[in-house]
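Numbering that gives the first Met the number 0 numbers the first residue of the sequence shown as 0 and each following residue consecutively.
In this text, a Cβ means the ideal position worked out from N, Cα and C, and glycines have one as well.
Data block below; observations after.
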Amino acid sequence: MRKRVAAVIGTAALIGAALPAVVAAPASARASFSCHPVGHTYIVNKEKVAVHATPSSSAGVTGYVYKDNKVSAQLECENSGGTWECIGSCHDPEESLAGRWVHRGDLRG
0 MRKRVAAVIG
10 TAALIGAALP
20 AVVAAPASAR
30 ASFSCHPVGH
40 TYIVNKEKVA
50 VHATPSSSAG
60 VTGYVYKDNK
70 VSAQLECENS
80 GGTWECIGSC
90 HDPEESLAGR
100 WVHRGDLRG
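Written out as structure tokens, the structure is:
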């Protein structure tokens, strides 16, 4: 990770980019998210699906949902990791992307 950050900073310095802007922006702020509210009910299509703290497969697991259970999505976000449904404790994406998130690929409906 440090090598990657160093490479980005070095490249930015070489091409004359504003170095303080690159250093100051956290990785989560640079990530590309597209979110919109939804009111849809899905059915879990796998035996046991992890519920994450943020819309990322590397985020901490806060619980599980199980096959054939219904979940109601309140917010849907798309990022490089795919489409994620917030099924509880959803926060405004302008403030943070915290909540209870399930990957859309684990749901049907």
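Q: Provide the residue span of the beta strand (DSSP E) that contains THR40, from first to last.
A: According to the DSSP assignment, THR40 belongs to the beta strand (DSSP E) that extends over 33 to 43.
Q: Let me know if PRO36 comes out buried or exposed under the rule of 16 or more other beta-carbons within 10 Å of its beta-carbon.
A: Exposed: under 16 other Cβ atoms inside 10 Å.
Q: Check each candidate in SER95, GLY62 and GLU46 and name the one with the smallest Cα separation from LEU74.
A: Closest by alpha carbon: SER95.
**Q.** Range of the contiguous beta strand (DSSP E) that encloses VAL98
**A.** At residue 98 the sequence reads Gly, which differs from the Val that was named. Taken as a continuous stretch (DSSP letters only), GLY98 belongs to no beta strand (DSSP E), as it is neither H nor E.
Q) Is DSSP giving GLY104 helix, strand or coil here? A) The three-state reading of DSSP puts GLY104 in helix, counting H, G and I together.
Q. Under the three-state reduction of DSSP, which class applies to THR53: helix, strand or coil?
A. When secondary structure is reduced to three states using DSSP, THR53 falls in the coil class, being assigned neither helix nor strand.
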